[in-house]
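Shown next, in structure tokens, is the structure this report addresses.
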Amino acid sequence: MKESILTATAVFLIAGAASLQAAPIFDAAISAGIKSDYYFRGQQRADSIVETEVDFTYGDAYAGIWFAEPFEARDSDIGWLYSNELNVFLGQSAQIDSYINVMVPVILDVGITGFYYPERPSDDNPTWEPYVGLSFETLLNPSGYVYYDLTLETWTLQGTVSHTFELDNVSGVTVGAFVGFVSPDEGEEGAYYGVSAKYGYRLNSTTSVSFGVGYTDGEDARSGMNWDDGLSASLGLSIGL
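Each residue of the sequence shown is one higher than the last, beginning at 718 in this note's numbering.
This is the structure:
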């Protein structure tokens, strides 16, 4: 699955746009981007991809569709096959700090993601993965998530931190880091980690652009034989509808 093109643009950009008008009960946004390399949980899924995403929110509920199309069908060096990917997701978040007596905002997030690979006929396609996570709205915005793929019987634990440095009223840089661990019922388990930086610029109250770079790595059990250098770059555009 992707790192959301929309939310990764820099949280304050969206918050800044929302401050210009009352937040609607129902909202939608469409995003598109290009990524030089597609890494997911310590595995390289493709070289360069074009990605698109449509997001919907209704109060604290959200849903969306994400699609990625590789530029190349296979790695020319080792023949590793790439394929397009479609994700659908549905979730609900709630602020729970008042119930657990903490001094900072705490967000509980639960949902499910479906992973489908149209060009890969398999009994394990699609797969469905429920998740639950907690996010803390502090200086580093730490979050922790637990995922379980019902089809592949695979547990994933992931933690992240991030911070946005506002450059002015319409631009900023978000830096972040993550670490995770994947434990399948069959196969080898392994850890992965990465860092990223993304510059976001708000063109108007509903439109923003972003440019990002990232690095990811992991244990050999995760990366396998299909691995470049772990570096990636991305360019994205998000439009609120």
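For each residue, glycine too, the CB sits at the ideal point set by N, CA and C.
Could you check what DSSP says for Y862 in three-state terms: helix, strand or coil?
-> In this structure, Y862 counts as strand in the three-state DSSP scheme.
Cα separation between S860 and G893?
-> Roughly 11 Å separates the two Cα atoms.
In terms of residues, what are the limits of the beta strand (DSSP E) holding Y756?
-> For Y756, the uninterrupted beta strand (DSSP E) run begins and ends at 755-757, by DSSP.
Note down, in chain order, each residue of its chain lying with its Cβ closer than 6 Å to the Cβ of E802, except the 5 sequence neighbours on either side.
-> Contacts found: A785, Y834.
For L884, does the three-state DSSP call read helix, strand or coil?
-> Coil at L884, not helix or strand.
Consult DSSP for R939 and reduce its assignment to one of helix, strand or coil.
-> In this structure, DSSP gives R939 a helical state, which the three-state scheme calls helix.
Return the bridge partner residues of E846 from the DSSP annotation.
-> E846 pairs with T830.
Report the rounded CA-to-CA distance for Y848 versus S900, giving the unit in angstroms.
-> Taking C-alpha positions only, Y848 is separated from S900 by approximately 15 Å.
Rounded C-beta distance between D744 and T774? I'm assuming under 8 Å.
-> Sure, about 5 Å apart at Cβ, within 8 Å.
Which one of L884, R837, D885, V863 has the shortest CA to CA distance from A790?
-> Restricting attention to L884, R837, D885, V863, the CA atom closest to the CA of A790 is found in R837.
Sorted by chain position, which residues of the same chain lie with C-beta nearer than 8 Å to P787's C-beta, five sequence neighbours on each side aside?
-> Hits under 8 Å: Y755, A763, D764, S765, I766, Y799, S800, N801.
State yes or no: is the C-beta of V887 within less than 7 Å of the C-beta of R919?
-> Result yes, Cβ atoms of V887 and R919 sit closer than 7 Å.
Start and end residues, beta strand (DSSP E) containing I766 | Per DSSP, the unbroken beta strand (DSSP E) holding I766 starts and ends at 766-775.
Could you check the C-alpha separation between I817 and V823 for me, to the nearest Å?
-> Rounded to whole angstroms, the gap between the alpha carbons of I817 and V823 is 9 Å.
Close beta carbons around Y865, own chain, < 8 Å, minus the five adjacent residues each side | If we look at Y865 and ignore the five residues flanking it on each side, its Cβ neighbours are E846, P847, Y848, T871, W872, T873.
Among V930, I742, N921, G907, nearest to A914 - alpha-carbon criterion | Looking at V930, I742, N921, G907, the one whose alpha-carbon comes closest to that of A914 is V930.
Closest residue to A778 among I829, D814, G759 (Cα-Cα distance) | Here the closest residue by C-alpha is I829.
State the CB to CB distance for the pair D934 and G947, rounded to an integer number of angstroms; the pair is presumed to be in contact (CB under 8 Å).
-> Indeed they touch by this definition, with Cβ atoms about 5 Å apart.
Cα-Cα, which of G781, V819, H880 is closest to G831?
-> Ranking the options by Cα distance to G831, first place goes to G781.
Simplified DSSP state of D744, which is helix, strand or coil = Strand.
Residue burial classification, G776 (beta-carbon count within 10 angstroms, cutoff 16) = Label assigned to G776: exposed.
For Y816, the first and last residue of its enclosing alpha helix (DSSP H) = 814-817 is the extent of the alpha helix (DSSP H) around Y816.
Should Q812 be counted as a contact of the ligand GTP given a C-beta to heavy atom distance under 6 Å?
-> Ligands displayed in this structure: none; no statement on the ligand GTP is therefore possible.
In angstroms with no decimal places, state the Cα-to-Cα distance between V878 and D826.
-> Each residue's Cα considered, the two are about 16 Å apart.
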